[in-house]
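With positions in the sequence shown counted from 1, the corresponding number in the numbering used here is that position plus 1. The C-beta atom is built at its ideal place from N, Cα and C for all residues, glycine as well. Everything numeric in this text was worked out from a predicted model, so none of it was measured. Notes for the one structure printed next.
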Amino acid sequence: MSPGYPARMVRYEERSPSRRAWLVLLGICVVAWAALAIADGGWVFATILVGMLGLIAAITMWSTGVYGNIRLTDTTLRVGRTTVALADLYPWGVSQPGEKVEGKIIGGAFGSTMGSRVLGLTPREGRPMLVQSKDPDTLRAALEEALAPYRT
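In structure tokens form, the structure reads like this:
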């Protein structure tokens with residue numbers, strides 16, 4: 002951080018996928034490669050098949066991180082590739098998790114991923130936004146706390 006700028010406190014952070022998920026994918030690929038190489042006797046076929054399927058799974062996991070990582074600081078909410086200034090949000094416009102809300106998921110994703118729930122945000126101008134989260138209750142509490150200074 003540069004001198005003269007206050008440090009921003011991270012109030013909430015959600016990263017996807019976890020390191021454990023990457024290790025599980027690697028383990029599955031190694032076991033599948035070994036099983037195919039031994040059973041078929043050809044390491045070339047095993048390498049091509051496991052490499053293609055493993056690459057598809059890895060790209061899918063990587064994209065959930067690019068479009069689904071969440072970082073909430075004192076001044077901004079970053080979801081995937083989208084950054085929203087908290088000053089641009091209506092301070093009382095955070096929906097309850099599971100509440101029926103209309104809007105577009107921000108961050109770059111086209112739909113919500115399995116295991117996540119959607120939280121609605123109301124901007125001061127524009128259409129409602131949706132944020133998908135694995136822990137929407139904690140995200141909502143952090144958003145309510147971060148938006149408190151804007152309730153004047």
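Checklist entry - Helix, strand or coil for A22 per DSSP? => result The residue labelled residue 22 in the question sits at position 21 within the sequence shown. Residue state, collapsed to three classes: helix.
Checklist entry - Alpha carbon to alpha carbon, what distance is there between E15 and I106? => result Walking along the sequence shown from the start, residue 106 turns up at place 105. Walking along the sequence shown from the start, residue 15 turns up at place 14. Cα-Cα distance, rounded: 16 Å.
Checklist entry - For K135, which residues of its own chain have a beta-carbon under 7 Å away from its beta-carbon, when the five flanking residues on both sides are left out? => result As a first step, residue 135 must be located in the sequence shown, where it is residue number 134. Result list for K135: E15, G116, S117, in chain order.
Item to check | Cβ-based burial, S19 [other Cβ within 10 Å; buried from 16] | outcome: Taking the first residue of the sequence shown as position 1, residue 19 is located at position 18. That one is exposed.
Next on the checklist: Short of 8 Å in beta carbon distance, which residues of its chain neighbour T139, apart from the five on each side in sequence? Order them along the chain.
Outcome noted: Here the question's residue 139 lines up with position 138 in the sequence shown. Correct list, in chain order: Y13.
Checklist entry - Measuring CA to CA, which of A147, V119, I49, R152 is closest to Q97? => result Taking the first residue of the sequence shown as position 1, residue 97 is located at position 96. Closest by alpha carbon: V119.
Item to check | With 16 other Cβ atoms within 10 Å as the buried cut-off, status of G108 | outcome: By one-based count along the sequence shown, residue 108 stands at place 107. Under this definition G108 is a buried residue.
Item to check | 8 Å CB neighbourhood of T83 in its chain, flanking five on each side removed | outcome: Along the sequence shown, one-based indexing puts residue 83 at 82. Hits under 8 Å: I107, G108, G109.
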